[in-house]
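Please read the structure below before turning to the comments.
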Amino acid sequence: MKLIKYSIIIFFVLNFNLISAQDKKLETKITKNLRCLICQGQSVYDSDSEFADSIRIFVEKKISEGESEKQIYGYLKDKYGEWILYEPQFSKKTYFLWLLPILMFVLGGAIILKIFYLKKN
Amino acid sequence: MKIKTLPILFIIIFVIMFFLFFKGLQNSNIYTPQTNNEKDIPSFKAKMFDIDNEINSEEIFKNNKFYLMNIWASWCLPCRDEHIFLMKLSKQKSVEIIGLNYKDDNKKAKKFLKKLNNPYKIIFSDKDGTIAIEWGAYGIPETFLIYDKKIIKKIIGPINDESFLEIKRLIQ
């Protein structure tokens, strides 16, 4: 009986650690993708400013409330604008930014293929 | 496609890229926050500054009048500079000044108000800075002019002669 009791406790402790580790990982991921707006050139994760510190606590709170990464980005984007995100989301304003590398890749590939094709013939 | 078209294609791509990057160079890379965007005020619960009680934001901004929400702290030097303007504005009947005490020590904050006078009708505390984030604040001091539960003007940094006159014009 005692053994079962202890194993249940150990199971819960380990599980709790696993959850908090996952939350921490998500928090790190989110704060690394947030730009510190008062200390440009640094992410919220790297910065020691009051602003970055508050954002880190804010993100931690939102994660513990069960909000998703997307919801947190959306919330901060609404407050501070798209600039706060290092990785801008796909929208009318950013489609060129996202599609240009793919377009260049396809175009480059097509040119290389064409050169090879022409050389063969 | 003939082989001669390839160099032309390269030139066209190069010109497009050059034009794009050249245009990009002209854009300022210094971030300027938007201050005139009308936004709804956030909904939050906060601890009152002088009593051990929690207050709901809806209770603070419930009337259809002008509110001036000022983020301040006793450790913030520019807050001392703008305090004189807040005192002047507190004499205006058309506006109610609300204070958000940011990451501050209660004792020091009380001392600050005792020395410089208290322009605030209600003060609530933000110990970890998350309420300021809910407001979309960058740092302190920062002031928000609110009407009908909407932020109509945001002043980043201390209130100066220019912003003081603008607030006065807006609330009249």
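Residue numbers (the working numbering), protein chains in the order written: chain A, 55 to 175; chain B, 157 to 328.
No residue lacks a Cβ here, since even glycine has one placed at the ideal position from N, Cα and C.
Within-8 Å CB hit, residue i to chain A
i	result
G295(B)	yes
K306(B)	no
L329(B)	Outside the displayed span of chain B (157 to 328) sits residue 329(B), for which this structure offers no information.
K259(B)	yes
Nearest residue (CA-CA) to residue i, options the options
i	options	result
I283(B)	E215(B), D304(B), Y258(B), Y294(B)	Residue 283(B) is actually Lys in this sequence, not Ile. Nearest of E215(B), D304(B), Y258(B), Y294(B) to K283(B), Cα basis: Y258(B).
K247(B)	P275(B), C235(B), E215(B)	P275(B)
T82(A)	I92(A), A106(A), I62(A), W137(A)	A106(A)
S118(A)	A75(A), S61(A), K59(A), Y171(A)	A75(A)
E215(B)	Q328(B), A202(B), I296(B), W291(B)	A202(B)
L88(A)	T148(A), G135(A), K147(A), Y171(A)	G135(A)
K195(B)	I254(B), N262(B), D304(B), N226(B)	D304(B)
K78(A)	K124(A), Y171(A), K115(A), K56(A)	K115(A)
G285(B)	D100(A), K86(A), V113(A), Q143(A)	V113(A)
F268(B)	E290(B), L326(B), L233(B)	L233(B)
F217(B)	S319(B), F300(B), M173(B)	F300(B)
N316(B)	E290(B), C235(B), L272(B)	C235(B)
L154(A)	L165(B), I169(B), K160(B)	I169(B)
L272(B)	K244(B), S319(B), W291(B), F178(B)	K244(B)
A288(B)	L321(B), K266(B), I227(B)	I227(B)
I240(B)	I327(B), F320(B), Q328(B), R325(B)	F320(B)
N220(B)	I211(B), D206(B), S250(B), E210(B)	S250(B)
Y129(A)	F174(B), G292(B), F205(B)	G292(B)
G255(B)	K263(B), K179(B), F205(B), N262(B)	F205(B)
F166(B)	D132(A), L161(A), K56(A), E121(A)	L161(A)
M173(B)	L167(A), Y99(A), F150(A), N175(A)	F150(A)
E290(B)	I169(A), I111(A), K56(A)	I111(A)
For residue j and residue i, believed in contact at Cβ under 8 Å, the rounded distance
i	j	result
P314(B)	E238(B)	4 Å
I279(B)	F222(B)	At roughly 18 Å, the Cβ-Cβ gap does not stay under 8 Å, so I279(B) and F222(B) are not in contact.
L224(B)	I323(B)	7 Å
S103(A)	C93(A)	5 Å
L162(B)	I165(A)	7 Å
E298(B)	I311(B)	7 Å
I126(A)	I84(A)	6 Å
Y294(B)	P189(B)	6 Å
D260(B)	S230(B)	6 Å
F200(B)	S213(B)	5 Å
Y140(A)	S97(A)	7 Å
L80(A)	E121(A)	10 Å between Cβ atoms; not a contact.
W152(A)	F144(A)	6 Å
Opposing strand residues paired with residue i [DSSP bridges]
i	result
L88(A)	L139(A)
L171(B)	The question names Leu, but residue 171(B) is Val in the sequence shown. None, per the DSSP bridge assignment.
E210(B)	K203(B)
V98(A)	None; V98(A) has no bridge partner.
G255(B)	N226(B), I279(B)
Y303(B)	F222(B), K306(B)
I312(B)	E298(B)
K195(B)	I307(B)
Proximity test, Cβ basis, 8 Å: residue i and chain B
i	result
L153(A)	no
K115(A)	yes
Y127(A)	no
Y134(A)	yes
I84(A)	no
I166(A)	no
L88(A)	no
L91(A)	yes
(request) Note down, in chain order, all residues in the region 93–111 of chain A with a beta-carbon under 9 Å from any beta-carbon belonging to chain B. (result) Q94, S103, E104, F105, D107, S108, I109, I111
(request) Check each residue of the region 283–294 of chain B: if its Cβ is closer than 7 Å to any Cβ of chain A, include it; give the result in chain order. (result) Among the residues of the region 283–294 of chain B, those with a Cβ less than 7 Å away from any Cβ of chain A are D284, G285, T286, A288, I289, G292, Y294, in the order of the chain.
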